[in-house]
Amino acid sequence: MISIQHEDVDIGKLINDAKSSGTGAVVIFDGVVRDDDIREMELEAYEEVALKELKKIAEDATTLHNLLHVDIIHRIGRLSVGENILIIVVSAGHRPEAYAGSRYIIEEIKKGVPIWKKELTKDGGRWVPGDHAHGSGKPT
Amino acid sequence: MISIQHEDVDIGKLINDAKSSGTGAVVIFDGVVRDDDIREMELEAYEEVALKELKKIAEDATTLHNLLHVDIIHRIGRLSVGENILIIVVSAGHRPEAYAGSRYIIEEIKKGVPIWKKELTKDGGRWVPGDHAHGSGKPT
Amino acid sequence: MTVKVRFFARFRELLGTDILAEPGKGAAISTLVRDIAQEKKEGYDAIFDEHGNFREFVIVMQNGKRVETADAGKTVIADGDEIAVFPPVAGG
Amino acid sequence: MTVKVRFFARFRELLGTDILAEPGKGAAISTLVRDIAQEKKEGYDAIFDEHGNFREFVIVMQNGKRVETADAGKTVIADGDEIAVFPPVAGG
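Chains as they are written, first to last, in the numbering used here: chain W, 45 to 184; chain U, 45 to 184; chain B, 2 to 93; chain F, 2 to 93.
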C-alpha cells in the first residue's frame with residue numbers, strides 16, 4: 045500500500061501482510077511528531093504528484109534492494125505530538141536489504157516528494173525547512 | 045523490555061510504548077522464519093547468559109546511538125515459517141540514530157549471544173551455522 | 002485558454018491556491034505566475050527576487066513535472082495545464 | 002564438590018545437558034569436559050580433535066563468562082561452578 049492519507053494505520057497488520065514465504069526480515073520506519081515545543085503539526089501535500097513519486101520510490105527501492113514488499117503511508121492534516129507521520133514497511137529475504145531499502149525510501153522522500161510540514165506553536169506557526177535546499181528531485 | 049520468551053508480542057503496542065516526547069523516529073526490525081524449504085525452526089538459548097548479553101547490547105546501543113528506548117524480544121522454541129524470531133524496537137530523536145542503533149543491536153546479537161537455531165526439514169534437522177565462526181563475543 | 006495555478010505551503014498561505022487563470026496564447030509560465038503573484042506583495046516577494054526572477058529555492062511544475070525556473074520564461078503554457086509553485090519540500 | 006555442565010545445540014543432542022559432576026579438587030575445565038564427553042564417542046569427536054584439544058570453534062564458559070579454550074586446561078573448577086560448552090552461536 046502506497047498512500048497519502050489523514051487516517052493512521054495499524055502497523056501490526058501491515059507487518060503481517062508484508063510477509064511472504066521468502067521473507068526473513070521486515071524493517072519498519074515510523075516517523076513521529078516530535079515535541080520540539082510544539083502543540084501540533086500541520087502537513088500538506090501536492091497529493092497527486094506526491095503519490096506518484098512515492099510509487100516511483102517504492103519501485104526503485106524494490107529493484108535496487110531486492111525487496112519483497114513495500115508499504116509507504118504518509119499522513120497529512122493535523123497531527124499531535126507522538127502521532128505517526130510516515131510509516132515505511134519493507135520486507136526482504138535478508139536484513140541488509142531490508143535496512144538498506146528502508147533507508148533508501150526515507151532519504152528519497154526527504155529529498156524530493158512535495159510534502160510540507162508546519163509546526164504549530166503557542167506563538168503561531170513555522171514551516172519546517174527541508175533537509176534539501178532545492179527540494180523536489182531533479183527535473184524530468 | 046528485554047526478553048527471551050516462547051510467546052509472540054504485539055509489535056504495535058511495543059511501538060506505542062517506545063514513544064516519548066522527544067521521539068522523532070522509531071525503527072523496528074522483525075526477523076522472521078524464512079521458508080528455506082523447512083517445516084519449522086527450533087530455537088534454543090543459554091537463557092541466563094543470553095538475557096544478560098541482550099541487556100548489555102541494549103545499554104551499549106543506547107549510549108552509542110543516543111536512543112530513547114530499546115526493546116529486544118528474542119523468541120525460542122518451535123516456530124513456523126513466517127513467525128517472528130526477533131523483534132527489535134528502538135526510538136530516537138532522529139532517524140540516523142534510530143537506524144544505526146537498530147542495526148548495531150542486530151549485528152551484536154548475531155555476533156555473540158548464545159542462541160542457536162535448528163531448521164527442521166522433511167529430511168530431519170540442520171543446525172544453522174552462525175554468521176561469525178567463533179561465536180559468543182570476546183572473552184571477558 | 003484556462004489553466005490552474007496551485008501554490009503550496011507558505012506560498013499558498015500568501016497567495017491562495019487552485020487559481021484559475023486565462024493567459025493569452027503563447028504566454029510563458031513565469032509571466033503567468035508573476036501576474037498572479039503581483040496581486041499580493043508579500044506573496045510576490047516570497048517567490049520572486051528584486052529582478053523579477055524566481056528565487057533560487059522556488060520549485061515550479063507543469064502538469065506534475067518539474068520545470069527549471071531558469072527555463073520558465075520560455076516555457077509556454079497550454080490549455081488545461083496545471084502549474085504548481087512551491088518552496089522546498091519537507092516531507093517524511 | 003559439585004558442578005553443573007551444560008551443553009547446547011548439537012552438543013546437547015549428542016551428550017545431554019545439565020549434567021551434575023563431582024570432579025576432584027583442583028580439576029581443570031578441560032579435564033572435566035573431556036571426562037563427560039568421553040562417554041559418547043560422537044559427542045567427544047564433535048568437541049575435541051584427535052589430540053584431545055578443544056576444536057577451534059568450541060566455546061566454553063565458566064559461570065557465564067567465556068574462557069579461552071586454550072586456557073581451559075589450566076583453569077581450575079570451584080564448587081558450584083556452571084560450565085557451558087557450545088558451538089558457534091546463530092541467534093537473531
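Just so you know, even glycine gets a beta-carbon here, dropped at the ideal spot from N, CA and C. In this text the structure is predicted, and so the values were computed from the model without any measurement.
- prompt: What is the residue span of the alpha helix (DSSP H) that Gly145 (chain W) lies within?
  reply: Working through the first sequence from its first residue, we reach residue 145 (chain W) at position 101. Gly145 (chain W) -> alpha helix (DSSP H) spans Arg139 to Gly156.
message: For Ala69 (chain U) and His109 (chain U), which I take to be in contact (beta-carbon distance under 8 Å), what is that distance rounded to the nearest angstrom?
response: The sequence position of residue 69 (chain U) within the second sequence is 25, counting from 1. The sequence position of residue 109 (chain U) within the second sequence is 65, counting from 1. Their Cβ separation, rounded to whole angstroms, is 11 Å, which puts Ala69 (chain U) and His109 (chain U) out of contact at 8 Å.
message: I'd like to know if Ala87 (chain F) contacts chain U, where contact means its C-beta is closer than 8 Å to some C-beta of that chain.
response: Residue mapping note: residue 87 (chain F) aligns to position 86 of the fourth sequence, counting from 1. Note that residue 87 (chain F) is Phe in the sequence shown, not Ala. Yes, Phe87 (chain F) counts as interfacial toward chain U.
query: Taking the alpha-carbon positions, what's the Val34 (chain F) to Arg119 (chain U) distance?
result: The residue labelled residue 34 (chain F) in the question sits at position 33 within the fourth sequence. The residue labelled residue 119 (chain U) in the question sits at position 75 within the second sequence. Cα-Cα distance, rounded: 29 Å.
field: Rounded separation between Val125 (chain U) and Asp80 (chain U) - CA only
entry: Locating residue 125 (chain U) in the second sequence gives position 81, where the first residue counts as 1. Locating residue 80 (chain U) in the second sequence gives position 36, where the first residue counts as 1. Their backbone Cα atoms lie some 9 Å apart in a straight line.
- prompt: Secondary structure at Ile101 (chain W), three-state DSSP: helix, strand or coil?
  reply: Here residue 101 (chain W) refers to the residue found at position 57 when the first sequence is read from its first residue. In the structure shown, Ile101 (chain W) sits in a helix (DSSP, three-state: H, G or I).
task: Give a yes or no on whether the minimum CB-CB distance between Leu123 (chain W) and chain B is below 8 Å.
output: Against the first sequence, residue 123 (chain W) aligns to sequence position 79. No - not a single Cβ of chain B is within 8 Å of the one on Leu123 (chain W).
message: Between the alpha carbons of Arg139 (chain W) and Ser146 (chain W), how many angstroms are there, rounded?
response: On the first sequence, position 95 is the one that residue 139 (chain W) refers to. On the first sequence, position 102 is the one that residue 146 (chain W) refers to. C-alpha separation (whole angstroms): 11 Å.
query: Taking the alpha helix (DSSP H) that Ser65 (chain U) falls in, what are its first and last residues?
result: For the purposes of this step, residue 65 (chain U) is taken as the residue at position 21 of the second sequence. Run containing Ser65 (chain U): none; DSSP gives neither H nor E here.
task: Quick one: list the residues of chain W neighbouring Lys63 (chain U), beta-carbon separation under 8 Å, in chain order.
output: For this step, residue 63 (chain U) is matched to residue 19 along the second sequence. In chain order: Val76 and Gly126.
- prompt: Is any heavy atom of the ligand ZN found at a distance shorter than 7 Å from the C-beta of Glu14 (chain F)?
  reply: As far as ligands go, the structure on display features none, and thus does not contain the ligand ZN.
Where Asn128 (chain W) sits in the DSSP three-state scheme: Translated into positions along the first sequence, residue 128 (chain W) becomes position 84. If DSSP states are grouped into helix, strand and coil, Asn128 (chain W) belongs with the strands.
query: With a CB to CB cut of under 7 Å and the five nearest residues on each side skipped, what residues in its chain are close to Asp19 (chain F)?
result: Taking the fourth sequence and counting its residues from 1, the one referred to as residue 19 (chain F) is at position 18. Result list for Asp19 (chain F): Lys5 and Arg7, in chain order.
- request: State buried or exposed for Lys161 (chain W), treating a residue as buried only when at least 16 other CB atoms are found within 10 Å of its CB.
  value: Along the first sequence, one-based indexing puts residue 161 (chain W) at 117. By the 10 Å Cβ count, Lys161 (chain W) comes out buried.
message: Tell me which residue opens and which closes the beta strand (DSSP E) that Gly44 (chain B) is part of.
response: For the purposes of this step, residue 44 (chain B) is taken as residue 43 along the third sequence, with counting starting at 1. Gly44 (chain B) -> not in any beta strand (DSSP E); alpha helix (DSSP H) instead, spanning Lys42 to Ile48.
message: Determine whether the beta carbon atoms of Gly81 (chain F) and Ile153 (chain U) lie at a separation below 8 Å.
response: Within the fourth sequence, residue 81 (chain F) is the residue found at index 80, counting from 1. Within the second sequence, residue 153 (chain U) is the residue found at index 109, counting from 1. No, the pair does not count as a contact, with Cβ atoms beyond the cut-off.
task: Measure the alpha-carbon distance for Glu127 (chain U) versus Glu163 (chain U) and round it to whole angstroms.
output: In the second sequence, the residue the question calls residue 127 (chain U) occupies position 83. In the second sequence, the residue the question calls residue 163 (chain U) occupies position 119. Cα to Cα, Glu127 (chain U) sits roughly 13 Å from Glu163 (chain U).
- request: Using only alpha-carbon positions, find the residue among B:Ala28, B:Thr32 and B:Thr3 that is nearest to Leu21 (chain B).
  value: Mapped onto the third sequence, residue 21 (chain B) falls at position 20. Out of B:Ala28, B:Thr32 and B:Thr3, B:Thr3 has the C-alpha closest to the C-alpha of Leu21 (chain B).
message: Along the chain, where does the beta strand (DSSP E) containing Ile46 (chain U) start, and where does it finish?
response: As a first step, residue 46 (chain U) is located in the second sequence; it is residue number 2 there, counting from the start. Residues Ile46 to Gln49.
- prompt: So, do the stretch 48-63 of chain F and the stretch 64-77 of chain B have three or more beta carbon pairs nearer to each other than 8 Å?
  reply: no
query: How big is the Cα-Cα spacing for Ala28 (chain B) and Ala94 (chain W)?
result: Position 27 of the third sequence, counted from the start, is the residue given in the question as residue 28 (chain B). Position 50 of the first sequence, counted from the start, is the residue given in the question as residue 94 (chain W). When rounded, the distance between both Cα atoms is 27 Å.
field: Cutoff 8 Å: Phe56 (chain F) Cβ touching any chain U Cβ
entry: Here the question's residue 56 (chain F) lines up with position 55 in the fourth sequence. Before going on, a small fix: residue 56 (chain F) reads as Arg here, not Phe. Judged by the 8 Å Cβ criterion, Arg56 (chain F) is not in contact with chain U.
- request: Quick one: list the residues of chain U neighbouring Asp79 (chain W), beta-carbon separation under 8 Å, in chain order.
  value: Residue 79 (chain W) sits at position 35 when you count from the first residue of the first sequence. Under the 8 Å cutoff, chain U gives Ser65 and Gly66.
message: Below 8 Å on the Cβ atoms is my contact criterion, and I expect Val61 (chain B) with Val86 (chain B) to pass it. Report the Cβ-Cβ distance as a whole number of Å.
response: Position 60 of the third sequence, counted from the start, is the residue given in the question as residue 61 (chain B). Position 85 of the third sequence, counted from the start, is the residue given in the question as residue 86 (chain B). The pair is a contact, with the Cβ atoms about 5 Å apart (cut-off 8 Å).
- prompt: Does the Cβ-Cβ distance between Val76 (chain U) and Ile129 (chain U) come in under 8 Å?
  reply: In the second sequence, counting from the first residue as 1, residue 76 (chain U) sits at position 32. In the second sequence, counting from the first residue as 1, residue 129 (chain U) sits at position 85. Yes, they are a contact pair.
field: Lys75 (chain B) versus B:Glu83, B:Glu14, B:Ile84 and B:Ile30, residue with shortest Cα-Cα distance
entry: The residue labelled residue 75 (chain B) in the question sits at position 74 within the third sequence. Nearest of B:Glu83, B:Glu14, B:Ile84 and B:Ile30 to Lys75 (chain B), Cα basis: B:Ile30.
- prompt: Looking only at DSSP bridge pairs, what is Thr165 (chain U) linked to?
  reply: Mapped onto the second sequence, residue 165 (chain U) falls at position 121. U:Gly168, per the DSSP bridge assignment.
message: For a contact defined as C-beta to C-beta under 7 Å, what are the partners of Ala29 (chain B) on chain W?
response: Taking the third sequence and counting its residues from 1, the one referred to as residue 29 (chain B) is at position 28. None at all; the shortest Cβ gap to chain W is about 16 Å.
- prompt: Name the DSSP bridge partner or partners of Val53 (chain U)?
  reply: Within the second sequence, numbered from 1, the residue matching residue 53 (chain U) stands at position 9. Paired residue(s): none; Val53 (chain U) is not in a bridge.
task: Between the Cα of Glu91 (chain W) and those of W:Ile46, W:Val133 and W:Lys166, spot the shortest distance and give me the residue it belongs to.
output: Taking the first sequence and counting its residues from 1, the one referred to as residue 91 (chain W) is at position 47. Taking only the C-alpha atoms, the option nearest Glu91 (chain W) is W:Ile46.
query: Within the 8 Å Cβ cut-off, does Leu130 (chain U) reach chain F?
result: Position 86 of the second sequence, counted from the start, is the residue given in the question as residue 130 (chain U). Taking Cβ atoms only, chain F reaches closer than 8 Å to Leu130 (chain U), which makes this a yes.
Ile82 (chain W) (DSSP reduced to helix, strand or coil): Here residue 82 (chain W) refers to the residue found at position 38 when the first sequence is read from its first residue. Residue state, collapsed to three classes: coil.
message: Can you find the residues in the same chain that come closer than 7 Å, C-beta to C-beta, to Leu15 (chain F), ignoring five residues on each side of it along the sequence?
response: Here residue 15 (chain F) refers to the residue found at position 14 when the fourth sequence is read from its first residue. These residues qualify, in order along the chain: Lys41, Glu43, Gly44 and Ala47.
query: Would you say Ile55 (chain W) faces chain U, with C-beta separation under 8 Å as the test?
result: Working through the first sequence from its first residue, we reach residue 55 (chain W) at position 11. It does; some Cβ of chain U falls within 8 Å.
field: Close beta carbons around Phe111 (chain U), own chain, < 8 Å, minus the five adjacent residues each side
entry: Here residue 111 (chain U) corresponds to residue number 67 of the second sequence, with the count starting at 1. Per the sequence presented here, residue 111 (chain U) reads as Leu, with Phe not at that position. Excluding positions up to five away in sequence, the list reads Ala105, Val134, Ser135, Ala136, Glu141, Ala142 and Gly145.
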